[in-house]
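For the sequence shown, this note's numbering begins at 1140 and goes up steadily by one. Glycine is no exception: its CB is placed at the ideal position from the N, C-alpha and C atoms. Here the structure comes first, spelled out in structure tokens, and everything after it is commentary.
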Amino acid sequence: MHLKRYKQLGLGMILGGTVATTGTAFADSSVWVKMLEAVKIKVNEVEKNTSKDTVFFYYNNELYAPIRLVAESLEGKAEYDKDKNLLNLETIKTDTHLPLPLSQVTSNGVVVTIKSSMISKDQLFLDVRVSNGSDVPINLAAGEAILVADNEQIKADLSGPNLSWVTTIAKDDSKENHIMFSDFPEDAQDFTLFLKVRNNDGVYKTYDLKYYIELSKREIY
């Protein structure tokens, strides 16, 4: 059967790699296509079963899967506008708080990692590592760091640690130290952290970062 017979698949996504194939085989003299059912999906090491009415196709060592299924498995959305012949993919932003370490990368290649946290009395210390993969010197705007815990907004306490380490980080350089927040709520189990990275090149373009951080008992002293 010629491949054009499979245009009714509509939304499909190519997933490389060899898979075990079961199901019905269709072929003509030049094209082999296998229709698959009960294909399992593993997302971040978590294995999930697909419904029996979800059909996959295996052709030329590639697996063709419904794009909507793939998007939703990655906590996103996929919609097809038939009139515009447009496939719209959208990620769904969540506010799930996660344990440390957590890293984010700015669009210009700066990696900011919150490595660990420690609470001493009402002071929260965050161990932060900044790796400058951009083409210009940068700084971490520690004075503008803010966290929100139990609906309370707290600014970084600049009277505590020496923050000279974040003022100028050269291209291809990395620096690590901590940022302190005073008056951290006693019963808070998670918080949201807002950081800014700024180019130190005379233009001072700013990149905003946001972290949803969960505290564990071992981090509270």
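Nonlocal neighbours in the same chain, by C-beta distance under 6 Å from residue i, ignoring five residues either side
{"i": "Phe1333", "result": "Ile1285 and Lys1349"}
{"i": "Leu1225", "result": "none"}
{"i": "Asp1266", "result": "Lys1254, Ser1255 and His1317"}
{"i": "Thr1161", "result": "With a pLDDT of 41 at Thr1161, under the threshold of 50, the predicted position of this residue should be treated as unreliable, though the coordinate-derived value follows. Excluding positions up to five away in sequence, the list is empty."}
{"i": "Thr1345", "result": "Lys1335 and Arg1337"}
{"i": "Asp1220", "result": "none"}
Rounded straight-line distance, which links the Cα of residue j to that of residue i
{"i": "Thr1306", "j": "Ser1255", "result": "21 Å"}
{"i": "Asn1199", "j": "Asp1234", "result": "40 Å"}
{"i": "Pro1238", "j": "Phe1330", "result": "11 Å"}
{"i": "Gln1328", "j": "Ser1355", "result": "7 Å"}
{"i": "Asp1347", "j": "Thr1245", "result": "8 Å"}
{"i": "Asn1338", "j": "Ile1277", "result": "4 Å"}
{"i": "Ala1295", "j": "Ile1180", "result": "43 Å"}
{"i": "Asp1340", "j": "Thr1252", "result": "23 Å"}
{"i": "Val1209", "j": "Glu1201", "result": "15 Å"}
{"i": "Val1287", "j": "Glu1218", "result": "34 Å"}
{"i": "Asp1261", "j": "Ala1281", "result": "19 Å"}
{"i": "Ser1321", "j": "Asn1227", "result": "44 Å"}
{"i": "Trp1304", "j": "Asp1312", "result": "12 Å"}
8 Å Cβ cutoff met for residue i and residue j
{"i": "Lys1310", "j": "Asp1274", "result": "yes"}
{"i": "Ile1293", "j": "Phe1323", "result": "yes"}
{"i": "Val1249", "j": "Ser1242", "result": "no"}
{"i": "Val1342", "j": "Leu1279", "result": "no"}
{"i": "Asn1247", "j": "Ile1308", "result": "no"}
CA nearest to the CA of residue i, picked from the options
{"i": "Lys1173", "options": "Val1194, Ile1180 and Ser1190", "result": "Val1194"}
{"i": "Tyr1197", "options": "Pro1205, Lys1191 and Ser1190", "result": "Pro1205"}
{"i": "Lys1216", "options": "Lys1223, Glu1229 and Pro1276", "result": "Glu1229"}
{"i": "Asp1289", "options": "Gly1282, Asp1312, Gly1272 and Glu1325", "result": "Glu1325"}
{"i": "Tyr1351", "options": "Pro1240, Arg1268 and Ile1258", "result": "Pro1240"}
Short CB-CB distance (under 8 Å) between residue i and chain C
{"i": "Thr1345", "result": "Annotation note: the requested chain C is absent from the structure, which comprises a single protein chain."}
Cβ-based neighbour list, residue i, same chain, cut-off 7 Å, excluding 5 preceding and 5 following
{"i": "Met1190", "result": "A small fix is needed here, since residue 1190 is Ser in this sequence, not Met. So the list is empty, once near-sequence residues are dropped."}
- Can you list the alpha helix (DSSP H) stretches of 4 or more residues lying completely in the stretch 1251-1328, in chain order? none
_To test your reading of the DSSP string, which unbroken alpha helix (DSSP H) runs of 4 or more residues are found completely within the stretch 1191-1243?_
1206-1212
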